[in-house]
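Asks:
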Ligand SMILES: *Cc1c(COP(=O)(O)O)cnc(C)c1O
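Numbering (this note's numbering), first residue to last: 68 to 449.
1) For residue 210, which residues of its own chain have a beta-carbon under 6 Å away from its beta-carbon, when the five flanking residues on both sides are left out?
2) Measure the CB-CB distance between residue 148 and residue 175 and report whether it falls below 9 Å.
3) With the cut-off set at 9 Å, would you say residue 412 and residue 396 are in Cβ contact?
4) So does the segment 125-145 actually touch the segment 250-257, counting three or more Cβ pairs closer than 8 Å?
5) Can you grab the Cα-Cα spacing for the pair residue 281 / residue 126, in whole Å?
6) Just to confirm, is the Cβ distance from residue 98 to residue 227 under 9 Å?
7) Figure out for me which residue from 220, 271, 284 has the closest Cα to the Cα of residue 350.
8) Grab the span of the beta strand (DSSP E) containing residue 165 for me, first residue to last.
9) Short check: CB of residue 285 to CB of residue 262, under 9 Å?
10) For residue 81, does the three-state DSSP call read helix, strand or coil?
11) Quick check on this structure: which residue in 225, 424, 207, 206 has the alpha carbon closest to the alpha carbon of residue 215?
12) From this set, 429, 436, 439, 444, which residue's C-alpha is nearest residue 223's C-alpha?
13) Within 10 angstroms of the Cβ of residue 364, are there 16 or more other Cβ atoms? Answer buried if so, exposed if not.
14) Does the structure place the segment 375-395 close enough to the segment 436-447 that three or more beta carbon pairs sit under 8 Å?
15) Grab me the residues of residue 188's own chain with a C-beta within less than 7 Å of its C-beta, minus the 5 sequence neighbours each way, in chain order.
16) Which parts of the segment 355-413 are runs of the beta strand (DSSP E), unbroken and 3 residues or longer, counting only runs that do not cross its ends?
17) Expressed to the nearest angstrom, what Euclidean distance is found between the alpha-carbon atoms of residue 170 and residue 242?
18) If residue 372 sits next to residue 347, beta carbons under 8 Å apart, how far is it from one beta carbon to the other, in whole angstroms?
19) At which residues does the beta strand (DSSP E) containing residue 308 begin and terminate?
20) Go to residue 253, then tell me how far its beta strand (DSSP E) extends in each direction, as first and last residue.
21) Given a cut-off of 9 Å, decide if residue 266 and residue 290 are closer than it, judged by their beta-carbon atoms.
22) So what does residue 266 bridge to, in DSSP terms?
23) Once the 5 residues before and after residue 69 are set aside, which same chain residues still bring their CB inside 6 Å of it?
24) Based on the DSSP secondary-structure assignment, which residues constitute the bridge partners of residue 216?
25) I want to check one thing, is the minimum distance from the CB of residue 393 to the heavy atoms of ligand 1 below 8 Å?
26) Between residue 150 and ligand 1, is the CB less than 8 Å from at least one heavy atom?
27) With burial defined as no fewer than 16 other Cβ atoms inside 10 Å of the residue's Cβ, what is the status of residue 270: buried or exposed?
28) Starting from residue 236, follow the alpha helix (DSSP H) in both directions and report where the run begins and ends.
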């Protein structure tokens, strides 16, 4: 790609790392379903490839595309979002290190810190990231990472990335931002001062509920190199077919996100006016506590919507009555999903500081015809 020209997001998503194949002219990077590569004499590598754990051309195409769409120096693709998180943790922390995590982090992230990192000797504190003074107060000399998720899952809390980047800088810690809910189309944390972005590419980037994957994007090449060392040493890499599916997804991320956001706004409008809905949680609502920050750091407010009913029973009933919204975990695909976090995605958080309200319903608003989505919710709520 011509580095002289500044390219827009959608152009990068379609072209970065994906020049037509020099051997055949194939317009899309082929699935290099291969483990090893012929060497022309010992060490004579033809394209820098020797073994597909270390590097694979399809994965490289995805990694370059991820780096450019997030505006980072290096992208790395993993077998899942949690594999990416684990590689970051092992690269930056040692026994005795300390990490600050959001008090409403994704449940799997919390489990990684509580059940894997802590037994290894890494201490962590769940802190409300909306409270910058509380984050500052939680910093210790051993703090290595301030871990940010914004918006959060499932309560759609919003954290001020630029303000937290300043806290991390003063603390000599890295600012890591899980950008899964926003995607790089809506929010670019590295431009706001973050050091590394984390993704579950399973969600919006893949976008079609057909692949599990994760990614790390480092702002600078040095951190990128250290993360790449761990990616290879620990080995939880994205396979070639998974990398290819993820690349196929990212090409349409911009147009999909536009529709996810537009449909979510229609859904929010219906829910806020519905008598049986007690509260709607969406950063696009002016009365959302993080609305101003979200408006400042996001291009639009995303496709995730949560709402509270009058009781747990009412919440469960809605989840079981939709016909178009599919009852299921995960999010970010073209199809609309509904779930009850308390009994499903966040059941493991019961009794922890991350327990979610029992009357909560979470929607991943898809890109179907909005009128059909509204009709479905209307009948399920009645
Ligand atoms: C799903 C998710 C993860 C974990 O990713 P996997 O691909 O399921 O391992 C991490 N963070 C957030 C915000 C998620 O939604």
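All C-beta atoms in this analysis are idealised placements derived from N, C-alpha and C, irrespective of residue type, glycine included. These figures come from a predicted structure and were not determined experimentally.
Replies: Taking the definition as stated:
1) 165, 238, 240
2) yes
3) For residue 412 and residue 396, yes; Cβs fall inside 9 Å.
4) yes
5) 12 Å
6) no
7) 220
8) 165-169
9) yes
10) Residue 81 falls in the helix class under three-state DSSP.
11) 225
12) 429
13) It is buried - the Cβ of residue 364 has at least 16 other Cβ atoms within 10 Å.
14) Taking a contact to require three or more Cβ pairs closer than 8 Å, the segment 436-447 and the segment 375-395 qualify as touching.
15) 162, 163
16) 371-376, 404-406
17) 16 Å
18) 7 Å
19) Premise fails: residue 308 lies in the alpha helix (DSSP H), 307-317, not in any beta strand (DSSP E).
20) First-last for residue 253: 250-253, but that is the alpha helix (DSSP H), not the beta strand (DSSP E).
21) Cβ atoms of residue 290 and residue 266: not closer than 9 Å.
22) Beta-bridge analysis with DSSP links residue 266 to 282.
23) Bear in mind that a pLDDT of 49 at residue 69, under 50, signals an unreliable position, so the model cannot answer this.
24) BP columns for residue 216 point to 245.
25) no
26) yes
27) buried
28) 228-238
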